[in-house]
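To start, the structure itself, in structure tokens.
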Amino acid sequence: MTARSDADLDTASSRGPLDWKRLGLMFLSRYGTIFGLVMMVLIFSINAPDTFFSRANFLNILSQASLTAIIAAGLTYTLVVGEFDLSIGYVASFVGLIVVGFMSYQGMPIWLAIACSLAIGVGLGLVNGTLVTKVRINAVIATLGLGTILTGVGFTYSAFPIATGIPRAFTNISLGRVLFGIPNPVFFMLGVLIVLWIVLNKTDIGQKMQAVGSNIEAARLSGIRVDRIKMFAFATAGFCSALTGTLLSSLLGSGTLGTADGYLLDAFAAVFLGSATLREGEFHIVGTLVGVLILAVGFNGLAILGAPTHFQPIFKGGILILAVGMSTLARRYAASN
Amino acid sequence: MSASVAETDAFTDGGSAAGGSPEPWMQIRGLTKSFAGEVALWEADLDVERSHVHGLVGANGAGKSTLIRCLAGVTVADRGEIRIDGEELRQGSPQASEHAGLAFIHQELNVIPHFSALQNMLLGAPKVTRFGLIDWKRSSVQARAAAERIGIHFPLETRVSELTVAERWLVMIAKAISRNASMIAMDEPTASLSGQESEQLFSVIRDLAANGVAILYVSHRLEEVLDLCDRITVLRDGRIVDEAMRGHLDKKGLVRAIIGHDIRSPEDREHITVDRTGTPILSVRDVAWKQAVKGVSFDVYDGEVLALGGLIGAGRTELAHLIAGVRRPDSGRFELDGAPYSPSDEAGAIGAGVALVPEERRAQGLMLQRSVGYNINIASLDNLRYVAGLPFLSAAKGRRQAERMVKRLSIKTPGTATRIASLSGGNQQKALIARWLNSGIRLLILDEPSRGVDVGAREEIHDAIRELARSGVGIVVISSDVEELAILADRVLVMREGRITGELTGSDITEPNIIELSYHDVDSGKGETA
Numbered sequence: 001m002t003a004r005s006d007a008d009l010d011t012a013s014s015r016g017p018l019d020w021k022r023l024g025l026m027f028l029s030r031y032g033t034i035f036g037l038v039m040m041v042l043i044f045s046i047n048a049p050d051t052f053f054s055r056a057n058f059l060n061i062l063s064q065a066s067l068t069a070i071i072a073a074g075l076t077y078t079l080v081v082g083e084f085d086l087s088i089g090y091v092a093s094f095v096g097l098i099v100v101g102f103m104s105y106q107g108m109p110i111w112l113a114i115a116c117s118l119a120i121g122v123g124l125g126l127v128n129g130t131l132v133t134k135v136r137i138n139a140v141i142a143t144l145g146l147g148t149i150l151t152g153v154g155f156t157y158s159a160f161p162i163a164t165g166i167p168r169a170f171t172n173i174s175l176g177r178v179l180f181g182i183p184n185p186v187f188f189m190l191g192v193l194i195v196l197w198i199v200l201n202k203t204d205i206g207q208k209m210q211a212v213g214s215n216i217e218a219a220r221l222s223g224i225r226v227d228r229i230k231m232f233a234f235a236t237a238g239f240c241s242a243l244t245g246t247l248l249s250s251l252l253g254s255g256t257l258g259t260a261d262g263y264l265l266d267a268f269a270a271v272f273l274g275s276a277t278l279r280e281g282e283f284h285i286v287g288t289l290v291g292v293l294i295l296a297v298g299f300n301g302l303a304i305l306g307a308p309t310h311f312q313p314i315f316k317g318g319i320l321i322l323a324v325g326m327s328t329l330a331r332r333y334a335a336s337n
Numbered sequence: 338m339s340a341s342v343a344e345t346d347a348f349t350d351g352g353s354a355a356g357g358s359p360e361p362w363m364q365i366r367g368l369t370k371s372f373a374g375e376v377a378l379w380e381a382d383l384d385v386e387r388s389h390v391h392g393l394v395g396a397n398g399a400g401k402s403t404l405i406r407c408l409a410g411v412t413v414a415d416r417g418e419i420r421i422d423g424e425e426l427r428q429g430s431p432q433a434s435e436h437a438g439l440a441f442i443h444q445e446l447n448v449i450p451h452f453s454a455l456q457n458m459l460l461g462a463p464k465v466t467r468f469g470l471i472d473w474k475r476s477s478v479q480a481r482a483a484a485e486r487i488g489i490h491f492p493l494e495t496r497v498s499e500l501t502v503a504e505r506w507l508v509m510i511a512k513a514i515s516r517n518a519s520m521i522a523m524d525e526p527t528a529s530l531s532g533q534e535s536e537q538l539f540s541v542i543r544d545l546a547a548n549g550v551a552i553l554y555v556s557h558r559l560e561e562v563l564d565l566c567d568r569i570t571v572l573r574d575g576r577i578v579d580e581a582m583r584g585h586l587d588k589k590g591l592v593r594a595i596i597g598h599d600i601r602s603p604e605d606r607e608h609i610t611v612d613r614t615g616t617p618i619l620s621v622r623d624v625a626w627k628q629a630v631k632g633v634s635f636d637v638y639d640g641e642v643l644a645l646g647g648l649i650g651a652g653r654t655e656l657a658h659l660i661a662g663v664r665r666p667d668s669g670r671f672e673l674d675g676a677p678y679s680p681s682d683e684a685g686a687i688g689a690g691v692a693l694v695p696e697e698r699r700a701q702g703l704m705l706q707r708s709v710g711y712n713i714n715i716a717s718l719d720n721l722r723y724v725a726g727l728p729f730l731s732a733a734k735g736r737r738q739a740e741r742m743v744k745r746l747s748i749k750t751p752g753t754a755t756r757i758a759s760l761s762g763g764n765q766q767k768a769l770i771a772r773w774l775n776s777g778i779r780l781l782i783l784d785e786p787s788r789g790v791d792v793g794a795r796e797e798i799h800d801a802i803r804e805l806a807r808s809g810v811g812i813v814v815i816s817s818d819v820e821e822l823a824i825l826a827d828r829v830l831v832m833r834e835g836r837i838t839g840e841l842t843g844s845d846i847t848e849p850n851i852i853e854l855s856y857h858d859v860d861s862g863k864g865e866t867a
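Chains as they are written, first to last, in the numbering used here: chain A, 1 to 337; chain B, 338 to 867.
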């Protein structure tokens, strides 16, 4: 008797008008970004069928997205553990400068220069991690401080762009197309994203990172060494920044101060867009990729449609605010669930 | 004061008050609300009279909060109406509710700690001057009058952070009556109060009722509800299942109405005999930390549930933290299974086999946005590896382990992938206990395991704890709920001011004995510790 009336209640309430609103909200908070990406591709394709909708242009977009995706994936890790890394752009710039310097000034072989640079990236990440976990400096301040210091150190290292003594083999890393005519950075991106996705979702360290980000006190009481997990996240961000910096220098064929600084904003916009993708307000790798693609398609399409260059920062800033807004809404929706 | 008590008595003898006026002051009719297809409140009819203390009881998720939230204008009901003095209340507007004279004081008091009591009372003060500014002068005069009326004896300039929880409640009550509230809803007011503080609060509540204020009193503490309330409404699964005037319901009947069946009482429990001759699982020797723990020694044996009783602030939580590696003792030592044990942090303690289920379930235990399975598995990821030593985890193994635990502790959840935030408090707590069932621990400390949990869920939590004890894990339970100690513990150590003031075993574990030792004089208590 009571069982039947309960069942009646359930069907009655699931037909209510409120459920449509919920469904709409859920759709928006999970698939809104993907929907936006598809819409952008459609609109640009219709308006510029010859220039935008072509294999060459899509490869161009992917190639541009690659470097942002790598650095943004690293940033995703620090956000997953509930921290921040504002040094990523500066680390990428710094490493991009010294990796060229190592070859040009110090005469290192390519592999050694790159190995040293990536190690420096990891080291800088660990410095960030130590400042945040051991010295307990707020991550925003610590990473901004370190990033600013790096700008100065880079200037001391070489105030002028380094453009000579760079082996052809080094520039070929980014400019080459080893497979199917696809630019190499795309493969670097896929490699980094796959590894980071596996670590985050399929290993114990990834599960622990998510625990630390969800509830740090509960994570600690579950036996997770919270500081180590955060160090790992910062080190990964450092590594990814260094890789982006290295690939960028290879692409440009020179080492110049401050070239990668702008990746900071792009990465943040992408990661926050990603956190409003598929899951409600959680930072994750697939979402970050979607966020990066939205940015890349947006920049590319606007350029092709002939929007003036100064429109780019407007688009970028607008997307950043929109992304954080959507992410916050998604989280609020999740909390009310 | 004495006159008003007489008035209260006049009200308590039942229907005469309701008979005096044909229309009840507040009428709730057919109030229904569902969330995401789940019924939170179904066709609720309720009358609230002024001058009555109206008890609202029910398990977590029974619909009390939904009802209160509808009254407060925070939630809009799907259908149904609320009438006050015959006039329909506009739902979904907190301002309309406040205007109608309804005030709400929640368990987590909505105070700003570094504001003074007076500043807190004036927050959102409705009195404005003709220039549209807040009329501080008139508001503060009213606030002071209200404070005096309910017998606040501390200066209103005191910062709220320096007040006790009981004093903060008085501030919030004074705030409500300074705005001429005709009904005050109170959610679990005594949750963190001592017995004496509760009594003081009750006398304020009775006095308010005597002066014509309606009190809606929500509490899990059934004795005080029975003692205090003129009328009790019981909710279960979103429906009102019972309503009774004072004296027409006893505790047993109330419990039956709340959970739908009888529960065990302390008298029914069987006492097991514990062998305390072998090596204890945990030995604590002369452990001290700051002013909170002053040289404590005891042993925990295989198969027993050891409980730490006493008042809030007796040093029990601090002691638990020392054992679980959250803090390091200033002096003294621990032994685990006879070997020296001195954890440097929580991870070290868990590695050695000691874990803590913390007091603040939501803040310190749960990863709320995560699934039930995730919350269960997070402390035993080692079991889920494809290959021991490699970092890769099998999702299938995780699901199986979580499903086993859900079954073993009968956690009520649609599935292991369900977000844990959507479970009831009792089932969340069971998931937190399940977290440790697969991790090979030797000793589990549970701090207030059934706080904020209804009686039915409490019993299931107790079953889980006992099962753990039988499986050879040492158990230390901290509880301020004396009845819980009497039902659950095989041995009780009562603490007071950082020291153990007494030990009770078997049938000596009774509420009067525990209470006596909790207030025991420390110096004369020393003899019993030895």
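Ideal Cβ placement from N, Cα and C applies to all residues, glycine included.
Contact of A:K202 with chain B by beta-carbon distance below 7 Å involves F729, L730. For B:P431, no Cβ of chain A is located within less than 8 Å of the residue's own Cβ.
Here B:V413 is exposed, its C-beta having fewer than 16 other C-beta atoms within 10 Å. Within the same chain, and ignoring the five residues on either side of B:L545 in sequence, the residues whose Cβ sits closer than 8 Å to its Cβ are I487, I510, I514, I521, I552. Chain-ordered listing is empty here: chain B has no CB closer than 8 Å to the CB of A:I114, the nearest sitting near 26 Å.
At a cut-off of 3 residues, the continuous stretches assigned as beta strand (DSSP E) that sit fully inside the segment 786-861 of chain B are 811-815, 828-833, 836-842. Between A:A242 and A:S117, the CB-CB gap stays under 8 Å. Along the segment 209-233 of chain A, going in chain order, the ones with a CB nearer than 8 Å to a CB of chain B are Q210, A211, S214, N215, E217, A218, A219, R220, L221, S222, G223, I224, R225. Counting the other Cβ atoms within 10 Å of the Cβ of A:P185 gives 16 or more, which makes it buried. Annotation for A:K208: the continuous alpha helix (DSSP H) segment containing it runs 204-214.
As computed with DSSP, B:E672 is found in a beta bridge with B:S620, B:P677. In the three-state reduction of the DSSP assignment, B:H391 falls in the strand class.
In the three-state reduction of the DSSP assignment, A:T246 falls in the helix class. Annotation for B:Q364: D384, R420 place their beta carbon closer than 7 Å to its own, counting only its chain and skipping 5 residues before and after.
Neighbours of B:A684 in chain A, taken as residues whose beta carbon is under 8 Å from its own, are R220, G223, I224, R225 in chain order. Note: B:D612 is not bridge-paired with any residue in the DSSP secondary-structure output.
Between A:I98 and chain B, the shortest Cβ-Cβ separation is not below 8 Å. For A:I205, the nearest CB of chain B lies under 8 Å from its own CB, placing it at the interface with that chain.
With contacts defined by Cβ atoms closer than 8 Å, B:T570 and B:L393 form a contacting pair.
Here the C-alpha atom of A:G165 lies approximately 8 Å from the C-alpha atom of A:Y105.
By the criterion of a C-beta distance shorter than 7 Å, A:G101 is surrounded in its chain by Y157, S158, I162, G255, once the five residues flanking it on both sides are discounted.
Taken in chain order, the complete alpha helix (DSSP H) segments of 4 residues or longer contained in the segment 247-332 of chain A are 263-275, 285-304. Residue contact check for B:I687 against chain A: a CB pair falls below 8 Å. Per DSSP, B:F729 lies in no alpha helix (DSSP H) and is assigned neither H nor E. Taking 9 Å as the cut-off between beta carbons, the residues of the segment 695-709 of chain B near chain A are P695, E697, R699, A700, Q701, G702, L703, M704, L705, Q706, R707, in sequence order.
Around the beta carbon of A:N128, 16 or more other beta carbons sit within 10 angstroms, so the residue counts as buried. Taking a contact to require three or more Cβ pairs closer than 8 Å, the segment 804-818 of chain B and the segment 644-653 of chain B qualify as touching. Following the DSSP letters along the chain, one finds B:I713 inside the alpha helix (DSSP H) bounded by residues 709-714.
Within chain A, not a single residue places a beta-carbon under 7 Å from that of B:L659; the smallest gap is close to 14 Å. Contact annotation: the segment 207-221 of chain A touches the segment 700-708 of chain B, with at least three C-beta pairs closer than 8 Å. Restricting attention to B:R568, B:P450, B:G438, B:D574, the CA atom closest to the CA of B:M582 is found in B:R568. If only uninterrupted alpha helix (DSSP H) runs of at least 4 residues are considered, those enclosed by the segment 503-590 of chain B are 532-547, 559-565. A straight-line Cα-Cα distance of about 40 Å links B:T403 and B:L854.
The beta carbon of B:G423 sits closer than 7 Å to the beta carbons of E360 from its chain, once the five residues preceding and following it are set aside; these are given in chain order.
Contact between the segment 138-156 of chain A and the segment 78-87 of chain A is established, with three or more Cβ pairs separated by less than 8 Å. With contacts defined by Cβ atoms closer than 8 Å, A:L37 and A:V292 do not form a contacting pair.
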